[in-house]
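Chemist:
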Amino acid sequence: MSAVAETKGVARPVAPVATRAQRWRRRYGLPAIGCAIVVLWILVAIFAPLLSGYDPNFVDVANRLKPPSAAHWLGTDALGRDVFTRMLYGSRISLTTGFVVVLVSAVVGTLLGGIAAFGRGKLEEAIMRLTDLVLCFPPIILALAIAAALGIGTFNTIIAMLVVWWPKFARLAHSLVLTQRSQEYVEAAIVAGFGPSRILLRHVIPNAVGPLIVLVTLDIGNAIITFAGLSFLGLGVVPPTPEWGSMVAEGRELVEQWWVAAFPGFCILSIVLGFNFLGDGIRDWLDPKARKR
Amino acid sequence: MGRYIVSRLGITVVMALLATLVIFLIANTVPGDPVLAQLGDVAASNKEFVAEWRAKWGLDLPLWHRYLLFLNGLLHGDLGISIASQRPVFDDIAQFAPATVELSTVAFILSLVIGIPLGILAAVKRDSWIDHLARAISLVGVSSPTFWLAFIMLALFYGGLEIAPGPGRLDPIALPPETVTGFMLIDTALAGDWETFHDAAAHLVLPSIVLAAATLGLITRTTRASMLESIQQDYVRVARAKGLKAWSIILGHVFPNALIPIVTLGGLAYANLLAGAVMTETIFSWPGLGLYTFRSAAALDFPAIMGITLIVALVYLIINLLIDVSYALLDPRVTR
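Chains A and B supply the protein sequences, listed in that same order.
The first sequence maps to residues 1 to 293 in the numbering used here.
The second sequence maps to residues 1 to 336 in the numbering used here.
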């Protein structure tokens, strides 16, 4: 992504001389911005009560649907609650669910995929067919069905997302471990008398972890969008919990009072862009070949 | 070739069966008690009544027997009765499907017509402004939540600038054409009602742009990466040595060879459009499967949700099958 600089010389016979700062910006500019956005949102999530004087759930019907002003920076919603305050608090749920869903399914998926590739035979067949089966449903629709079955609530929605989320990690880990296990160091470890679980956890997975880290970073944004989508459909959080997806849902018919839905949605866009910039940067860093593309 | 297609077909049938099993298990191992949900507190406390009710719906049968009954029902197009509409889920889906298929087909064509040329240009003129533009469009497209993008478009072009028509498939005052195919554009054209045809087309513009946004990004990215891959092959050098023009090399040699990843992604993107329609249709009050899904989810209308999940999963499987078959047509090496 930021690797524009390296290939420029091929296209033009005389490459313009770049200063150190220019080179840094081309190489690390977008990942740095992505990192800054993510860190900023994490700080907002932690310090939300300090950044706003309002209570996110304080209902003030006299001041409903007020446009942005000095008192309410981003206006108020249909119940007179402060949009800016609810937006700040909304980052808590989004970040937590994004991290929890992706990290838990990355660990579970990697272990299952790793075991499948390492164990071979019937176990591999069973795990990988299960992976295929889950992947044959569109994630948001299957998560919707499971969340509806479990009942509304943040915890249940996270469970539903976990069920549909782990297979992509299992599939990636499976192919990564398959290439690793034919390497000589695995043979050496077997000769040295190490057990299969030690070889898998201590030797093979650490060597295969790069692409998994890239997928984790890119995927957190994805998970945040999906959770917000489920909340938008009324399955994520229990009202009046401030959450970006459900805030957009509350304002979806208020075309005149656009601020109710527009700002929370913009928060989703910004944080997902942040994770995408960061993920692209990490990929370039771990895999210099991808940089040339 | 024939054997390859038969084996893919076999796998698809097995996966479809397993998918029905998954749906069945989700629907039948729900923590919530269906008896209580359907009958209410008073009736549920009457033991005899409950036993009778369970026998009537076959809930006293063992799980495997119920699964076989469920499969038998599926073969006859029986997906159960929707709690909200009190109609067979299958009829509901059949009624709402054309609006969704029409919208996602227009969105799909839109994202191909823009995405593929943009991806080719971005690959050929790498690192130029057009490459950066393509990258920016795909990043924002992939990163924006569909339901929010839909809202912004509606607020801006309908609420603010007033240059686009409002939600729905037609103006409230317009007379809908006689339903032949369920596709508004085709039905109005068949009826020769060009005024309504224009109205329907105008109503398609905003939702199809919104729906196309995410897929457009993916298609542009994939086209670019795949073109860059095949542009480095030896046959390109040969073609250049023969003295072919740059654009005839790119369109006649590089692009056909770059098609496989684009077809894979294009097929999956179409299936994703059907899922993304949930958000778009909800905002645009588009009377399709997406809006039906939203309403069913909001009302916790269980039979409806399960029916949709199953139908969408089957569509997914069929699209995957078509992708696999098209591989064989595009690249005969696959079947060997």
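Note that CB positions come from ideal geometry on N, CA and C, so glycine has one too.
No experiment lies behind these values; they were computed from the predicted model shown.
Are the CB atoms of LEU142/A and VAL164/A within a distance shorter than 7 Å?
Modeler: A contact, by the Cβ cut-off of 7 Å.
Chemist: VAL204/A: which of VAL191/A, LEU178/A, LEU215/A, ILE224/A sits nearest, CA to CA?
Modeler: The residue with the shortest Cα to Cα distance from VAL204/A is LEU178/A.
Chemist: Beta carbons nearer than 9 Å to chain B: which residues of the region 136 to 148 of chain A have them?
Modeler: So the close ones are CYS136, PHE137, PRO138, PRO139, ILE140, ILE141, LEU142, LEU144, ALA145, ILE146, ALA147, ALA148.
Chemist: Is it buried or exposed, LEU69/B, if we count other Cβ atoms within 10 angstroms and call 16 or more buried?
Modeler: That one is exposed.
Chemist: Of all the CB atoms in chain B, is at least one closer than 7 Å to the CB of PHE155/A?
Modeler: Chain B, which has no Cβ nearer than 7 Å to the Cβ of PHE155/A, makes this no.
Chemist: Kindly list, in the order they appear in chain B, the residues whose Cβ is closer than 7 Å to that of PHE99/A.
Modeler: Those do not exist, as PHE99/A stays about 18 Å from chain B at its closest Cβ, beyond 7 Å.
Chemist: Which value, in whole angstroms, describes the spacing of the CA atoms of ILE217/A and PHE275/A?
Modeler: Residue 217/A is actually Thr in this sequence, not Ile. Rounded to the nearest angstrom, the two C-alpha atoms are 6 Å apart.
Chemist: Rounded to whole angstroms, what is the Cα-Cα separation between VAL237/A and GLU243/A?
Modeler: Approximately 7 Å between the Cα atoms of the pair.
Chemist: Using CA atoms only, rank isn't needed, just tell me which of SER285/B, ALA275/B, PHE49/B is closest to ALA214/B.
Modeler: Of SER285/B, ALA275/B, PHE49/B, the residue nearest in Cα terms is ALA275/B.
Chemist: Exposed or buried, what is THR7/A when buried is set at 16 or more other beta-carbons lying within 10 Å of its beta-carbon?
Modeler: At THR7/A the pLDDT is 42, less than 50, meaning the model places this residue with poor confidence; the figure from the coordinates comes in the next sentence. Under this definition THR7/A is an exposed residue.
Chemist: Which residues in chain A have a C-beta closer than 7 Å to the C-beta of SER143/B? List them in chain order.
Modeler: The contacting residues are GLY221, LEU269, VAL272, LEU273, ASN276.
Chemist: Residues of chain A with CB under 7 Å from LEU139/B, in chain order?
Modeler: The contacting residues are LEU273, ASN276.
Chemist: Have a look at PHE266/A, SER91/A, SER69/A, LEU40/A and flag the residue whose alpha-carbon is nearest the alpha-carbon of PRO56/A.
Modeler: Minimum Cα distance to PRO56/A is reached at SER91/A.
Chemist: Taking 7 Å as the threshold (C-beta atoms), are ILE283/B and PHE108/B in contact?
Modeler: Not in contact: PHE108/B and ILE283/B (Cβ atoms no closer than 7 Å).
Chemist: Thinking GLY89/A and ALA48/A are a contact (beta carbons under 8 Å), I'd like their distance in whole angstroms, please.
Modeler: The displayed chain sequence assigns Tyr, not Gly, to residue 89/A. Confirmed, about 5 Å.
Chemist: Output the distance between the C-alpha atoms of GLY2/B and LEU321/B, rounded to the nearest integer angstrom.
Modeler: Approximately 14 Å between the Cα atoms of the pair.
Chemist: Would a check of beta-carbon distances place VAL237/A closer than 7 Å to chain B?
Modeler: No, no contact with chain B.
Chemist: Determine the direct distance from the alpha carbon of GLY229/A to that of PHE277/A, and round the result to whole angstroms.
Modeler: So the two alpha carbons sit approximately 22 Å from each other.
Chemist: VAL248/A touches chain B at which residues, Cβ-Cβ below 7 Å?
Modeler: Here the neighbours are PHE147, TRP148, PHE151.
Chemist: Quick check on DSSP: helix, strand or coil for THR76/A?
Modeler: In this structure, THR76/A counts as strand in the three-state DSSP scheme.
Chemist: Would you mind working out which of PRO68/A, SER94/A, SER246/A sits nearest VAL38/A, comparing C-alpha positions?
Modeler: Checking every option, the nearest Cα to that of VAL38/A belongs to SER94/A.
Chemist: Answer with yes or no whether the minimum CB distance from ILE225/A to chain B is below 7 Å.
Modeler: With 7 Å as the cut-off, ILE225/A counts as an interface residue toward chain B.
Chemist: In this structure, what does DSSP give as the bridge partners for ILE81/B?
Modeler: PRO88/B, per the DSSP bridge assignment.
Chemist: Please decide whether MET227/B counts as near chain A, where near means a Cβ-Cβ distance under 7 Å.
Modeler: No, MET227/B lies away from the interface with chain A (no Cβ there is under 7 Å from its Cβ).
Chemist: Which residues in the same chain as ALA191/B place their Cβ atom closer than 7 Å to its Cβ, once the five residues preceding and following it in sequence are excluded?
Modeler: Around ALA191/B: PRO177, GLU178.
Chemist: For the region 262 to 281 of chain B, list every residue whose C-beta sits within 9 Å of some C-beta in chain A, in sequence order.
Modeler: Cβ contacts with chain A come from ALA271, ASN272, LEU274, ALA275, GLY276, VAL278, MET279.
Chemist: With respect to the alpha helix (DSSP H) encompassing ARG202/A, which residues constitute its N-terminal and C-terminal limits?
Modeler: Looking at the DSSP string, ARG202/A is not in any alpha helix (DSSP H), and its letter there is neither H nor E.
Chemist: Checking contacts by CB at 7 Å: is VAL255/A closer than that to chain B?
Modeler: It does: the Cβ of VAL255/A has a partner Cβ on chain B nearer than 7 Å.
Chemist: Under 6 Å Cβ to Cβ from LEU118/B, same chain only, skipping five residues before and after it: list those, please.
Modeler: Excluding sequence neighbours, LEU118/B sits near ALA134, THR220.
Chemist: Note the first and the last residue of the continuous alpha helix (DSSP H) segment covering THR264/B.
Modeler: It spans 259 to 284 - the alpha helix (DSSP H) in which THR264/B sits, taken as one unbroken run.
Chemist: Classify GLY141/B as buried or exposed, calling it buried when 16 or more other Cβ atoms lie within 10 Å of its own Cβ.
Modeler: Flag for GLY141/B reads buried.
Chemist: Please compile the residues from chain A whose C-beta is within a distance smaller than 7 Å of the C-beta of PHE294/B.
Modeler: LEU233, listed in chain order.
Chemist: Three-state secondary structure (DSSP) at ASP280/A?
Modeler: ASP280/A falls in the helix class under three-state DSSP.
Chemist: For GLN232/B, is the classification buried or exposed, using 16 other Cβ atoms within 10 angstroms of its Cβ as the cut-off for buried?
Modeler: Its Cβ having fewer than 16 others within 10 Å, GLN232/B is exposed.
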